[in-house]
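Those protein sequences? They're chains A and B, same order as listed.
33 is the number of the first residue of the first sequence in my numbering; add one for each residue after it.
33 is the number of the first residue of the second sequence in my numbering; add one for each residue after it.
Glycine residues also receive a C-beta, built at the ideal position from the N, C-alpha and C atoms.
2 protein chains.
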Amino acid sequence: MLNNKLDRTFAALANPARRAMVERLVAGPATVSELARPLPMSVPAVMLHLKVLEEAGMVESEKVGRVRTCRLDSAMLSQAEIWVAEQRAMGESNLDRLVKYLDETDGGQ
Amino acid sequence: MLNNKLDRTFAALANPARRAMVERLVAGPATVSELARPLPMSVPAVMLHLKVLEEAGMVESEKVGRVRTCRLDSAMLSQAEIWVAEQRAMGESNLDRLVKYLDETDGGQ
DNA sequence: TTTATTGTTAAGCATGTACTTAAGTATAAA
DNA sequence: TTTATACTTAAGTACATGCTTAACAATAAA
C-alpha cells in the first residue's frame, strides 16, 4: 500500500496531529520542539509524524547544530487539492444535470 | 483515531481503490458489482471499501431487490477541498512574502 | 423449480499505524 | 567541565487496515 503519491499525501492528512503540524508550518518554518509543544504526545511520536509528512513530500527539514528546522513544501498539497476539486466539480455538475433533467421532464411528480 | 470528519475523509481518499470508486461515482450512480468490476480484488473487499466511504459520509447506497446502488455525496469532498486549499494558499502567500523580503533586502547575496 | 446473480457475513492472516518509555548522542550554555 | 537542551533510536504494545476464502441469503431468470 501507499505506492502512489496521492496515497501518501491523503494518508498524511488523515491525522489531526499531522494536520496541526501543517497548519503551523503554513505560517513559516518551525523546529521539532515548536511543532511538538502544542501536541498532546511525546517528542518521539512527533518525530514519527514528521517522518510521514516528509515521506509524503509535504515537509522538508534540515538540522543545524542540535536544532532541526522544518518547512512546508506545498506542491503535494496542490496535487491533492486538484484531485479533490476535480472530483467534486464533476460530481456536482453531474448532479446539476440530473436535477435539470428532472425539472424539465417533471420527473418524480 | 478517526474521530474527526476530516480524518475519515482523508483516510478514505488515501487508497487507490477507493479513489477509483469515487472517480466512477462522479459520473453517476453505480451498483456494487459495477464498482467492483474494474478493481483487482474480491467483491467482499470492495464492500469494505464501500463501508469506509459510507462512514466518511462520501457515499450513500440503497438496496432494491438484490441490487445495491451507490451514489456520491460531495459535501465532505468540499470540506476536504476547502481545508487543503486554505493551507496551500497560506503556505504559498507566506513563501511569497519571504521571497519578496529577500529580494528587497538583497538577502542571501 | 432449479439455477444463476448479487450481495452479505464470518474467520483468518499479514502488515501498518500510533503511540509509549527508556536510553542514547550531539550541541550549546553556565 | 558539568549540565541542560534538542533531537534520535530502539523496543514494545495495542489496535486498525486490507485483503483472502468459504459459506450463506435473497432475488430474479430460465
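Applying the 10 Å Cβ sphere with the 16-neighbour rule, what's the burial state of residue i?
i, result
"alanine 68/A", "buried"
"threonine 137/A", "exposed"
"valine 99/B", "exposed"
"methionine 108/A", "buried"
"alanine 112/A", "buried"
"leucine 104/B", "buried"
"valine 116/A", "buried"
"alanine 78/B", "Residue identity check: residue 78/B is valine in the sequence provided, not alanine. It is buried - the Cβ of valine 78/B has at least 16 other Cβ atoms within 10 Å."
"valine 58/B", "buried"
At what residues does the alpha helix (DSSP H) containing residue i begin and finish?
i, result
"threonine 41/A", "37-45"
"serine 65/A", "64-68"
"valine 54/A", "48-57"
"alanine 117/A", "107-136"
What does residue i reach in chain B if we use C-beta pairs closer than 7 Å?
i, result
"glycine 144/A", "Residue 144/A cannot be examined here, being either before or after the span of chain A that is shown, 33 to 141."
In terms of alpha-carbon separation, which member of the options lies closest to residue i?
i, options, result
"serine 125/B", "Leu85/A, Val96/A, Ser106/A, Arg50/A", "Ser106/A"
"serine 130/B", "Asp128/A, Ala52/A, Leu38/A, Pro61/A", "Just to set this straight, residue 130/B is leucine in the shown sequence, not serine. The shortest C-alpha separation from leucine 130/B is found at Pro61/A."
"glycine 89/A", "Val54/A, Asp135/A, Val116/A, Val64/A", "Val54/A"
"leucine 38/B", "Leu127/B, Asp128/B, Ala121/B, Glu87/B", "Glu87/B"
"valine 75/A", "Lys83/A, Val84/A, Ser65/A", "Ser65/A"
"cysteine 102/A", "Leu71/A, Arg56/A, Glu113/A", "Arg56/A"
"leucine 80/B", "Lys95/B, Ala112/B, Leu127/B, Asn47/B", "Asn47/B"
"alanine 52/A", "Pro70/A, Asp135/A, Glu113/A", "Pro70/A"
"leucine 82/A", "Asn36/A, Gly123/A, Ala44/A, Leu134/A", "Ala44/A"
"alanine 49/B", "Leu85/B, Val116/B, Lys95/B", "Leu85/B"
"glycine 97/A", "Lys132/A, Thr63/A, Asn36/A", "Thr63/A"
"glutamate 118/B", "Met73/A, Ile114/A, Gln119/A", "Ile114/A"
"glycine 123/A", "Val91/B, Arg40/B, Lys95/B, Asn36/B", "Val91/B"
"alanine 121/B", "Ser110/A, Leu134/A, Glu94/A", "Ser110/A"
Name, please, each residue of chain A whose Cβ falls closer than 8 Å to the Cβ of residue i.
i, result
"leucine 109/B", "Val116, Gln119, Arg120, Gly123"
"alanine 77/B", "The contacting residues do not exist; alanine 77/B stays about 13 Å from chain A at best."
Name the chain B residues whose beta carbon is nearer than 9 Å to that of residue i?
i, result
"arginine 51/A", "Asn36, Leu38, Asp39, Phe42, Trp115, Gln119"
"valine 54/A", "Gln119, Gly123"
Check for me: the beta strand (DSSP E) holding residue i runs from which residue to which?
i, result
"leucine 104/B", "99-104"
"serine 74/A", "That residue, serine 74/A, is in no beta strand (DSSP E); it is neither H nor E in DSSP."
Would you mind telling me which residues of chain A sit closer than 7 Å to residue i, beta carbon to beta carbon, in chain order?
i, result
"glutamate 66/B", "By Cβ distance, chain A contributes nothing, its closest Cβ being about 15 Å from glutamate 66/B, past 7 Å."
"leucine 45/B", "Phe42"
(message) Against chain B, which members of the segment 69-103 of chain A pass a CB distance test of less than 8 Å?
(response) Within the segment 69-103 of chain A, not one residue has a Cβ closer than 8 Å to any Cβ of chain B.
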